[in-house]
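Residue 48 in the numbering used here is what sits at position 47 of the sequence shown, and the numbering runs on without skipping anything. Every residue, glycine too, gets a C-beta built ideally from N, C-alpha and C. Predicted model, so just to flag it, every value in this text is computed and none were measured.
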Amino acid sequence: MSGFDRSDPGEPLAMKIHPLLSERTAGVLLHPTSLPSRQGAFGIGDLGPTARGFVEWMESAGLSRWQMLPVGPVGAGDSPYSALSSFAIEPMLASVADLVEDGLLPRSALRTPANERALDDGGRASWRRVRAWKTPRLEAAFDAFCHTRGQRGSRGRAYADFRTRHEAWLEDWCDYAVARSRRRRGSSPTQSVPEYHAFVQFVLDRQWSALRKHALEHGVRLIGDLPIFCGADSADVAGRPDLFRLDRDGHPTVLTGCPPDAFTRDGQLWGHPHYRWSAHRRDHFTWWRSRVATTLERFDLVRIDHFIGFVRAYEIPGDAKNARKGRWGRT
C-alpha cells in the first residue's frame, strides 16, 4: 500500500512521514500585501525590505513557516482566488525600493509628492491608488532597462534565461495583459507592449527568489496556496480555451460552486469555468505539471485548495444565477 510500511503482516500499518512533517513547527498566515508599507507611501506590502524584515522577525519569534494566500494578479474584486493568471505574480508586489537599489530607478522614485494623500486610504488598501502610484515607476524601470546596458551583462542573461524557463506561460500572460490594458481607459502606451509585462514578471521573479533565499537563510519556509480553479477572465482561459468547458463564444457552459446547505440557501456560485479533463489527459497534464512546477519554484510547501476537485466537482449551468440547479460530476 502506497505511503505505508508493514514488514510483518501481523504488525499494524505504520505511515511513512515526510521529514518536513516530522518536526513540530509554528508559523503565521499573512499575505505580502498585508505587510506594513513604508510610511504609507506604497499603500500595500511588497517583496522588498519590509518582507525581508518580517522574515527576520519570524526567526526571532521562533516561527519557521510563512503561509500566504495566492499571489497571482488580482482582477475585479481584487480577490486572490480569482486571479488573472495561475502563473504570473501580482505586479503591485514589486518593490520600488529594490528597483532603486538595482539602479533601475532614481532614489527620487521613493518620494511621494507633498500634496498627494497617503496611499493607505485610512487603514484600508486602495488598489486603484496603489496602481496609479506604482505603475509609472515600473514603466520607468522598464524604460531604463531597455535604454541602458540593462539588457547586457549578467542582468540581460538572467532576463533571457527567465523568458526561456517560463515560455510555457509567459507569452500567454503578456498577450492577455496587453489585450486587457487596451480595454481600459487611460492605459499608457507602455501597457500595450508585451515586453513590458515580461519585464515586470522578470523583476518579480528576481525579487521573489531573493526573498525565498533570505527566508531559508533564517530558517523560514514559505507555504503557498494553489487554488484548483482559474478565473473565467484570465490568461489561462484566454491562452488555452481548449482546456476548459466553454461554448463557441468562449463563455463557460458550467460553473464552479457548492450546493445549498444549512448556511447558504442558494448555495455558493464561485463562477470559475470547469476544466475539460479529457483535454488535459490527452495533453498528459502538461499545463498542470507546468503550473505545479512554477509554484514549487516559489514555495517550499504548497496547499492545494479544494483538493476534492480532482475527484469530483459541483457543476452549475453557465447561465444560472445561483447554485441550486447544480449537480456533482466526476473529474
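Residue j beta carbon less than 8 angstroms from that of residue i
i           : j           : result
residue 49  : residue 35  : no
residue 145 : residue 105 : yes
residue 313 : residue 330 : yes
residue 292 : residue 243 : no
residue 170 : residue 90  : no
residue 223 : residue 300 : yes
residue 267 : residue 274 : no
residue 70  : residue 28  : no
residue 238 : residue 230 : no
residue 201 : residue 92  : yes
residue 44  : residue 142 : no
residue 175 : residue 159 : no
residue 72  : residue 219 : no
residue 212 : residue 62  : no
residue 76  : residue 284 : no
residue 1   : residue 310 : Shown here, the chain extends from 2 to 332; a query on residue 1 therefore has no answer.
Coarse secondary structure for residue i, derived from DSSP in three states
i           : result
residue 231 : coil
residue 140 : helix
residue 47  : coil
residue 181 : helix
residue 330 : strand
residue 91  : coil
residue 318 : strand
residue 111 : helix
residue 309 : helix
Distance, residue j Cα to residue i Cα
i           : j           : result
residue 38  : residue 163 : 28 angstroms
residue 177 : residue 140 : 18 angstroms
residue 192 : residue 167 : 20 angstroms
residue 189 : residue 179 : 11 angstroms
residue 225 : residue 147 : 33 angstroms
residue 22  : residue 280 : 35 angstroms
residue 99  : residue 232 : 31 angstroms
residue 19  : residue 186 : 51 angstroms
residue 107 : residue 247 : 47 angstroms
residue 103 : residue 197 : 17 angstroms
residue 130 : residue 24  : 43 angstroms
residue 97  : residue 264 : 44 angstroms
Cutoff 8 angstroms: residue i Cβ touching any chain B Cβ
i           : result
residue 186 : In the structure shown, chain B does not exist; there is a single protein chain.
CB-CB length for residue i against residue j, believed under 8 angstroms
i           : j           : result
residue 173 : residue 227 : Not a contact, Cβ separation roughly 18 angstroms.
residue 271 : residue 251 : Actually they do not touch by this definition, with Cβ atoms about 19 angstroms apart.
residue 294 : residue 86  : About 15 angstroms; that fails the 8 angstroms criterion.
Unbroken alpha helix (DSSP H) runs of length 4 or more, entirely within the segment 241-306: which are they?
Those alpha helix (DSSP H) runs which fall completely within the segment 241-306 and span 4+ residues are 278-283, 287-299.
Could you give the uninterrupted runs of the beta strand (DSSP E) lying entirely in the segment 47-77, keeping only those of 3 residues or more?
66-68
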